[in-house]
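Quick notes on the structure that follows.
Residue numbers (the numbering used here): 701 to 1535.
So, in structure tokens, the structure goes:
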């Protein structure tokens, strides 16, 4: 959450901490001290030179230009040294004669080093500039210039004080279990605890934020009827109304400043009020144009396929899981996420309905992810919003709106639902000390629990703790212990390292995984960490058969992205996406590897045994057997050049043979013998695919990917990949121990003519077997085709190395072994020796 240090300081000073002030570095340390990391902080950009308040006296519309241009006479008091009006050119349209504006006079330097000087433009001399929020560094973008509320200052006064002065903006990282901290109310509570300051809850006493609720009439009856259906799971729903507001009124700059520094865009007075209440209290709200709402309201689930246009002017197709707010004309709001265009606040709005509610966190999260519409409101509802805030949020919003835009608050209110009572937690005051090893006196335990909002009862050591409504994460004693420990300081816990037990280390599986990752990295591949989630249509794009085991994927009930709702049964999809991202950014020579788990579903559903008692052994077996099979896979994907062109050569492209070699790298690191055979397996090219075998078991595939799949994924032609199941490799297998001999080796070559369809590896193995015990190695070094050999024929040339462990071999012995190898190849494949 973005929040300004000045806002925090102002709220804490109003709570009784007069003149309290710390540096940004000290405040950052304070956040960390109570368990909140920050992503950093940055001061507001500074404007130097004359920056003053001005009043627009006259506006002359200049004609004949491509865009509307105004030449304005602006009263800047004595700031220009003459007291005469200042002539300024401006293209903004959001101000009128009589408005107070912010003027940067010649000599001022705006953020980014933009110097202001008198200059001729559009046929006039412009002596300065009327500044916008973006130009002064409050926000990245603005629709017009800054217009100050009447009476904010007098012409000629320094504008810096009116604009709020220097400030620092913090980005506080709020964890999902601490939704209450997505507000100034929550963060000031934490800062007060970090610096031992007094704290007043702005929800219980809005005067801390300068909000006067005395003008808000007590409700005397129901405003309109609101029906909340049970399936909507809304705990509370409230509604209040303001009538007769000025539709042209704007929120004051101090409120807009808070919004801008919190990353929220200013829209109009009513919407700005709802956003301010959300940032102040943590209660998201929505403002309806009351004149566009027909009849009563109903909170219910949408119908499947129903369409609705949200405020961002996108038409969305709803599902039965979406909760909506409807009137007699139809849907008015996608609850907890975004309102609709039909009742949007406009420049003609004079009556406003303010809505505040407490929605089900899981329902909001699912809808937001389904529609890819994460809003400031949905972020808070997903983490849990205090249900007790509904009434005060409505009253604060009404009070602020009538202050800014006039009007009258209707003395009726609709309120549906009750605040559920939080169950008490029983805890011994000595429990924190027993768990942590630090002595926390009873007084400290009680004080810290009260600081987080708990009500503590009990005279002795036994405490009864009632968590506040906004802390849904406090449910068991250890949760309370965590609060005490973090507020007292994690650095107070003594650091005692446990003594390691001897004789323990990595498991064989861990050692193999480490060996494989090191081997691939040393071979020139770069590791990527793939996401476990893959696109729902991956296997359709690959063209896999309906019964292919890779289609037995685990489906995620609540995916982060609805288009990526399954867990991969293969590592390749995520790696191919990584290749696509790199290629799209101009990186065309890539060699990537990954070692990660996959998940193959073994059952549609797992049993859900009761937690009241230990499940039976049969239920446990059924539960374990229903869990996905999670094997460890190693994969490589490469495209482009494997050897780069340079002064010593023209380079070489990565080919299917290199993909096969990467499998051999994995096999050697894992300590197993790997056999390679021709295969046809999607997504590989059927003519350039190899099955990887250990014994007779296929453990993976390697080769060039299918051209049609590469085209569908917009990947480069000839992209190659390898994937091997490390879990399927036997752990007890070892490579044959090398036999070292001091006797010289004899080298002989053999060329065999075979049919084109016979695999070279099959011939190589036949030669190796036929050569007998004297052969040390057999390697293919040439494949030759010509008309002399005949159509459909090829010549395979092998280099044979012979060596005896106990003597020097003769040429005759080596030649006999070579002829024996040729004979075995002839018997099996009809191979003929070339001479």
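We put the CB at the ideal spot given by N, CA and C, even for glycine. Note that the structure is a prediction, hence the values are computed from the model and not measured.
#1: Relative to the C-alpha of residue 852, which candidate in 1507, 742, 801, 1483 has its C-alpha closest?
#2: Under 8 Å, with one C-beta from each stretch per pair, do the segment 981–995 and the segment 1004–1024 reach the 3-pair mark?
#3: So residue 1528 is in the beta strand (DSSP E); what residue range does that whole segment cover?
#4: Is it right to say residue 785 is buried, meaning 16 or more other beta carbons lie within 10 angstroms of its own, or is it exposed?
#5: Rounded to a whole number of angstroms, what is the C-alpha to C-alpha distance between residue 1040 and residue 1336?
#6: Unbroken beta strand (DSSP E) runs of length 3 or more, entirely within the segment 725–770: which are they?
#7: Where do the N-terminal and C-terminal ends of the beta strand (DSSP E) with residue 1476 fall, by residue?
#8: Quick one: using the 10 Å Cβ neighbour count with 16 as the cut-off for buried, is residue 1007 buried or exposed?
#9: Indicate whether the contact test is met: 3 or more Cβ pairs, each with one atom in the segment 919–934 and one in the segment 1179–1198, closer than 8 Å.
#10: Measuring CB atoms only, is the segment 1474–1482 touching the segment 1495–1506, in the sense that at least three cross pairs come out at less than 8 Å?
#11: So, with DSSP's three-state summary, where would you put residue 938?
#12: Just the Cα atoms here: how many angstroms apart are residue 1072 and residue 1261?
#13: Considering Cα atoms alone, identify which of 1449, 816, 1491 is closest to residue 1471.
#14: Measuring only the C-alpha atoms, how far is residue 1361 from residue 1290?
#15: Contact between the segment 741–754 and the segment 827–847: three or more CB pairs below 8 Å?
#16: Excluding the 5 residues preceding and the 5 following residue 1158 in the sequence, name in chain order all residues of the same chain whose CB lies nearer than 6 Å to its CB.
#17: Quick one: Cα of residue 1398 to Cα of residue 1511, how far?
#18: Between 1461, 1419, 1308, which has its C-alpha nearest residue 1356's C-alpha?
#19: Based on Cα-Cα distance, which residue from 1149, 1003, 1037 lies nearest to residue 1012?
#20: Looking only at C-alpha atoms, which of 1454, 1223, 1139, 1217 sits nearest to residue 1194?
#21: Once you ignore the five residues that flank residue 1272 on each side, which residues in its own chain have a CB closer than 8 Å to its CB?
#22: Mind pulling the beta strand (DSSP E) runs of 3 or more residues that sit fully within the segment 1300–1375?
#23: Determine the contact status of residue 1595 and residue 938, defining contact as a CB-CB distance below 7 Å.
#24: Note down the Cα distance separating residue 884 from residue 947, rounded to an integer number of angstroms.
#25: In the DSSP assignment, find the unbroken beta strand (DSSP E) run with residue 1209 in it and report its ends.
#26: Taking only the alpha-carbon atoms, compute the straight-line gap between residue 1433 and residue 1469 and give it to the nearest angstrom.
#27: Return the Cβ separation of residue 874 and residue 830 in integer angstroms, given the expectation that the two are a contact with Cβ distance under 8 Å.
#28: Hey, is the segment 1069–1085 in contact with the segment 888–908, meaning 3+ C-beta pairs nearer than 8 Å?
#29: Along the chain, where does the beta strand (DSSP E) that runs through residue 1386 open and close?
#30: Assuming contact is defined by CB atoms lying nearer than 7 Å, are residue 1294 and residue 1326 in contact in what I supplied?
#31: With which residues is residue 1447 paired in a DSSP beta bridge?
#32: List in chain order: all unbroken beta strand (DSSP E) runs of 3+ residues lying wholly within the segment 934–988.
#33: Given this structure, state the Cα-to-Cα distance separating residue 1543 from residue 781, to the nearest angstrom.
#34: Quick check on DSSP: helix, strand or coil for residue 1000?
#35: Which stretch, first to last residue, makes up the alpha helix (DSSP H) that contains residue 1275?
#36: Using a Cβ-Cβ cut-off of 7 Å (strictly less than) and excluding sequence neighbours within five positions of residue 1074, which residues of its own chain qualify?
Let's see:
#1: For this step, residue 852 is matched to residue 152 along the chain shown. Closest by alpha carbon: 801.
#2: no
#3: If you number the chain shown from 1, residue 1528 lands on position 828. Careful: residue 1528 lies outside any beta strand (DSSP E), inside the alpha helix (DSSP H) at 1511–1529.
#4: Locating residue 785 in the chain shown gives position 85, where the first residue counts as 1. So residue 785 ends up on the buried side.
#5: Position 340 of the chain shown, counting from 1, holds the residue named residue 1040. Position 636 of the chain shown, counting from 1, holds the residue named residue 1336. Each residue's Cα considered, the two are about 48 Å apart.
#6: If we require 3 residues or more, the beta strand (DSSP E) runs fully inside the segment 725–770 come out as 738–743, 751–762.
#7: If you number the chain shown from 1, residue 1476 lands on position 776. Start and end: 1475–1484.
#8: Along the chain shown, read from residue 1 onward, the residue named residue 1007 stands at position 307. With fewer than 16 other Cβ atoms from the protein chains shown falling within 10 Å of its own Cβ, residue 1007 counts as exposed.
#9: The segment 919–934 is not in contact with the segment 1179–1198.
#10: They touch, by the three-pair rule.
#11: By 1-based counting over the chain shown, the position of residue 938 is 238. Reduced to three states, the DSSP call for residue 938 is strand.
#12: Start at 1 with the first residue of the chain shown, and residue 1072 comes out as number 372. Start at 1 with the first residue of the chain shown, and residue 1261 comes out as number 561. Roughly 7 Å separates the two Cα atoms.
#13: Looking up residue 1471 in the chain shown gives position 771. Of the candidates 1449, 816, 1491, the one whose C-alpha sits nearest the C-alpha of residue 1471 is 1449.
#14: The sequence position of residue 1361 within the chain shown is 661, counting from 1. The sequence position of residue 1290 within the chain shown is 590, counting from 1. So the two alpha carbons sit approximately 16 Å from each other.
#15: yes
#16: What you label residue 1158 is simply residue 458 of the chain shown in a count that begins at 1. Here the set comprises 1164.
#17: Here the question's residue 1398 lines up with position 698 in the chain shown. Here the question's residue 1511 lines up with position 811 in the chain shown. In this structure, the CA atom of residue 1398 is about 40 Å from the CA atom of residue 1511.
#18: Taking the first residue of the chain shown as 1, we reach residue 1356 at position 656. Of the candidates 1461, 1419, 1308, the one whose C-alpha sits nearest the C-alpha of residue 1356 is 1419.
#19: In the chain shown, the residue the question calls residue 1012 occupies position 312. Ranking 1149, 1003, 1037 by Cα distance to residue 1012 puts 1037 first.
#20: By 1-based counting over the chain shown, the position of residue 1194 is 494. Nearest of 1454, 1223, 1139, 1217 to residue 1194, Cα basis: 1139.
#21: Start at 1 with the first residue of the chain shown, and residue 1272 comes out as number 572. Correct list, in chain order: 1335, 1337, 1383, 1421, 1423.
#22: 1332–1339, 1341–1343
#23: Nothing about residue 1595 can be reported from this structure: the residues present for the chain run from 701 to 1535 only.
#24: On the chain shown, residue 884 is found 184 positions in, with the first residue counted as 1. On the chain shown, residue 947 is found 247 positions in, with the first residue counted as 1. Computed Cα separation, rounded: 29 Å.
#25: Within the chain shown, the letter at position 509 stands for residue 1209. Per DSSP, residue 1209 belongs to no beta strand (DSSP E); it is in the alpha helix (DSSP H), 1208–1222.
#26: Within the chain shown, residue 1433 is the residue found at index 733, counting from 1. Within the chain shown, residue 1469 is the residue found at index 769, counting from 1. Its pLDDT being 49, under 50, residue 1433 is placed unreliably in this model, and the coordinates cannot settle the point.
#27: As a first step, residue 874 is located in the chain shown; it is residue number 174 there, counting from the start. As a first step, residue 830 is located in the chain shown; it is residue number 130 there, counting from the start. The pair is not a contact, with the Cβ atoms about 37 Å apart (cut-off 8 Å).
#28: no
#29: Counting from one through the chain shown, the residue named residue 1386 turns up at place 686. Element bounds for residue 1386: 1384–1394.
#30: If you number the chain shown from 1, residue 1294 lands on position 594. If you number the chain shown from 1, residue 1326 lands on position 626. Not in contact: residue 1294 and residue 1326 (Cβ atoms no closer than 7 Å).
#31: Counting from 1 along the chain shown, the entry for residue 1447 is found at position 747. Its beta-bridge partners are 1501.
#32: 936–943
#33: Not covered by the structure: residue 1543. The range shown for the chain is 701 to 1535.
#34: The sequence position of residue 1000 within the chain shown is 300, counting from 1. Residue state, collapsed to three classes: strand.
#35: As a first step, residue 1275 must be located in the chain shown, where it is residue number 575. Run containing residue 1275: 1272–1284, per the alpha helix (DSSP H) assignment.
#36: Mapped onto the chain shown, residue 1074 falls at position 374. Closer than 7 Å at the Cβ level, and outside the excluded window around residue 1074, lie 1068.
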